[in-house]
Each structure stands twice: as C-alpha cells, then as structure tokens.
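K.L.:
Counting in UniProt numbering, the sequence shown runs from 1 upward without gaps.
I am attaching a structure below and will ask some questions about it afterwards.
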Amino acid sequence: MGDRQRYVFLNLDNIAGVLFTSRTLYRCIEGATSPQDVRLDFQALTQHLCGDSTSGAVKCLVAAYWKTSPYLIRALVDIGWTLKAPVSPGINDTGLHDEMMSMLVDGELTEKTLVLAMGDGGLGSTKTNAYREIIGRFLERQWHVEIHAWLHALNDGFVDLQVQYPGRVVVKPLDELVGDLVYLKKRENAKANAFGALGKPANASLNQKLHVSGGSSFEPSHTNYAAGTPATIRASTPTWAHLSASSLRRASPPLPPSPPSQPTVTALQQQIQQMQDSFSALQTSISTEQQLRQENEKLAQSLQHCSKRVTRGWHVDCSWKIARKA
C-alpha cells in the first residue's frame, strides 16, 4: 500500500465483542481456559490497522461503539482514537456511515485506502446491504479497501466484494495474528493501566509508523459513552504526531512480589493457632454433648427398666393377697 493515505474505521462492538464471546479464539492463547481470560491489545491492533504507513499517511482513527464498556473505550481515546457513539440504542445511522461519507470529496479521484475493522458489515445504516453501496462509492473514486475481521464473524458480502474487485478490496483475517493481538489477562501490569491502554506495553516502533497528519481538518462529532447522551469526546492528544517515543516505549515487566515480612508471618501463625484452638474447643463441646446424650439415654433406659420391675412386683403381690382371702 506504500504511503497511500489511510482512513481507519473500527466497529469496537464487533471486534472486541466477538473476541470476548468466541468459544475458539481464546484457545490460541496459552494458559487461557475461557474467553474471560484474554484481553485485546489495542496498541497492537492500532499498529496492525495502520500498517507500514509513513509519517502523515494515517489521516483518521475513528471507532464506533454502543455496548462496549467505558473502560475499553477510554483505552482507545488515550492512544489517539476518535469515538463515535449512536444517539439512540440500536440505531447507528450517525455512526461510521456519516464519518466515512464525509471523507469523499465530489469529483476527486485519488488513490487512498479505506480500512474497515469489522466483520458484520455494520457501517451504521439500517439498510441491510448498505455497506455495499458505501464501499462502492469509495471504489468509484479509485479508493482501495481493506477489511479486517474475525473469520467466524465475517460477513459473506465482504468476501464477494473481494472477488468482484480483486486487488482493490482485500479481506485480512485477524485470526492469523491472534497471538499478536490477544494476550492473557494475567499479563496486565500497572504501567499499561496507568497509560490507559488495555493491552500489552506499546511497541516502540509504533511511534515511528503511526502519525496522523496534524493539518487534517477531520474533526468528527462524538457522543459520551453514557448511553444515548450526546457529548463531545476527544483524545487529549488527537493526533499521533504528538505522541513521544517515551510514551510508547515498551514498559518494563512487573516486578515479582516481595516475600512477606516476619511480622506478617507471625500474625498468620497466631491466627492459625487461634483457629486450631477454636476448632479443638468445638470438638470438645461436641464430644461433651454426645456424652451427655448417651448418659441421658442410659438413665432413661434404667428408669424404664425399674418401672417395669415395680409394675411386675405389684401384680405378683396383689395375686398373693387375693389367693389368701379365698
């Protein structure tokens, strides 16, 4: 693709949502036993979508969402993405659709690249095949189109477009890079969280490859990630050109936990001893209760036995007296 200008659009609900619900993708990550054990590396995903572009080639990074958690959304904002949320639940007509169409200039024929990270054809329109019409307009203006998606969520219409426009439309499965884009949750560290990216520490080469033109007039409107509440959301640094190498440098691995101090061990031993004493006391109490129950049962049996003997003797005595009177 060379230095062709790139306009990147991401359907966050689709790319992140598919990963966190897939029953197969997590199995590619060593140590993961469920989708909840893995996380999406937004730094690596951004680098992948921007490709090998040189300075000034990446003109915009726009992500649309509705259901994605605010924590993931904030991670994208912190690394330069612009967010676009639908105004009403389930309706995304003012999402990626409008932002993409704003990139087209009437009468302009130029070779640029439209990069779509989505799998379900969700270009923010209520029309079922709207993505065909939208992408078709870009192709008419000599644009190239890249589609990045998880295979099992890929819309067949994207594959048909690749067949119809060979070399102009390219489908790139994210599954081939799952080891680079997805990581085990346990690998999260304090520095990555402090930077605001939910992912592995940034690759130092990211700063060399990704630069959004500072002179771009692209300033789309945004909505707050509080559901349905229009508000402007902009990254504190809206372009990649102002990100320093130090902010994208690979963070040092987390230090191993220090061994517990002696006072802590002593306190734990005391707690264990107290628990053992309490358990012994409980056992003693239970044993005593059992002994008392057994004694009560024996006493009841003895009383019953004595009662039978007394009753039997009374009958014998009465019989003897009756015989004498007769």
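We put the CB at the ideal spot given by N, CA and C, even for glycine.
All figures in this text were calculated on a predicted structure; none of them were measured in a lab.
Mind the definition here: the stretch 7-24 touches the stretch 159-170 only if three or more C-beta pairs lie below 8 angstroms; say whether that holds.
P.N.:
No, the stretch 7-24 is not in contact with the stretch 159-170.
K.L.:
Taking 9 angstroms as the cut-off, decide whether the C-beta atoms of L116 and H144 are in contact.
P.N.:
For L116 and H144, no; Cβs fall outside 9 angstroms.
K.L.:
Sort G17, Q47, C28 by Cα distance to A64 and report the nearest one.
P.N.:
The residue with the shortest Cα to Cα distance from A64 is G17.
K.L.:
In whole angstroms, what separates the C-alpha of D52 from that of Q269?
P.N.:
In a straight line, the C-alpha of D52 is about 58 angstroms away from that of Q269.
K.L.:
In this structure, does DSSP put K191 in helix, strand or coil?
P.N.:
With a pLDDT of only 43 at K191, under the threshold of 50, the placement of this residue in the model should not be trusted; the figure read from the coordinates follows. Correct three-state label for K191: helix.
K.L.:
From H48, V105, D41, pick the residue whose C-alpha is nearest to that of L72; which is it?
P.N.:
Out of H48, V105, D41, D41 has the C-alpha closest to the C-alpha of L72.
K.L.:
Taking 9 angstroms as the threshold (C-beta atoms), are V58 and L83 in contact?
P.N.:
Taking 9 angstroms as the Cβ cut-off, L83 and V58 do not qualify as a contacting pair.
K.L.:
Got a sec? Which residues, its chain only, sit under 7 angstroms from A153 by beta carbon, not counting five neighbours each side?
P.N.:
Here the set comprises N14, V18, G119, D120.
K.L.:
If the criterion is Cβ atoms closer than 9 angstroms, does the pair R6 and T110 meet it?
P.N.:
Contact: no.
K.L.:
Taking only the alpha-carbon atoms, compute the straight-line gap between L49 and V8 and give it to the nearest angstrom.
P.N.:
So the alpha carbons of these two residues sit roughly 7 angstroms apart.
K.L.:
May I have the straight-line CA-CA distance separating I79 from Q36, to the nearest angstrom?
P.N.:
Their Cα atoms are separated by approximately 24 angstroms.
K.L.:
In or out: M275 buried (at least 16 other Cβ within 10 Å) or exposed?
P.N.:
Exposed, because fewer than 16 other Cβ atoms sit within 10 Å of the Cβ of M275.
K.L.:
Do I134 and M101 have their C-beta atoms within less than 9 angstroms of each other?
P.N.:
In contact: I134 and M101 (Cβ atoms closer than 9 angstroms).
K.L.:
Do you know how far the Cα of I272 is from the Cα of E297?
P.N.:
Taking the straight line joining both Cα atoms gives about 37 angstroms.
K.L.:
So, for Y26: in the same chain, excluding its five sequence neighbours on each side, which residues have a beta-carbon less than 7 angstroms away from its beta-carbon?
P.N.:
Correct list, in chain order: A32, S34, P35, D37, V38.
K.L.:
What first and last residue would you give for the beta strand (DSSP E) that runs through I147?
P.N.:
Residues 144-149.
K.L.:
In the stretch 20-61, which residue ranges form an unbroken alpha helix (DSSP H) of at least 4 residues, counting only runs that do not cross its ends?
P.N.:
Whole alpha helix (DSSP H) segments, 4+ residues: 42-50.
K.L.:
Tell me the DSSP bridge mates of R6?
P.N.:
The partner list for R6 (beta bridge, DSSP) reads V58, T113.
K.L.:
Using the Cβ count rule (16 or more neighbours within 10 Å means buried), how would you classify C28?
P.N.:
Per the 10 Å Cβ criterion, exposed.
K.L.:
State the Cα-Cα distance for the pair K186 and N155, rounded to the nearest angstrom.
P.N.:
Those two C-alpha atoms are separated by around 32 angstroms.
K.L.:
Confirm, please, whether the CB-CB distance from R141 to E108 is below 9 angstroms.
P.N.:
Yes, the Cβ-Cβ distance between E108 and R141 is below 9 angstroms.
K.L.:
I'd like to know if G56 contacts chain C, where contact means its C-beta is closer than 9 angstroms to some C-beta of that chain.
P.N.:
Absence of chain C from the displayed structure is noted, only one protein chain being present.
K.L.:
T82 bridges to which residues according to DSSP?
P.N.:
The partner list for T82 (beta bridge, DSSP) reads V62.
K.L.:
Under the rule that 16 or more other beta-carbon atoms within 10 Å means buried, what is L303, buried or exposed?
P.N.:
Classification of L303: exposed, given that the 10 Å Cβ count is below 16.
K.L.:
Assuming D175 contacts W150 under a Cβ cut-off of 8 angstroms, what Cβ separation, rounded to an integer in Å, is found between them?
P.N.:
Yes, they are in contact, since the Cβ atoms of D175 and W150 sit about 6 angstroms apart, within 8 angstroms.
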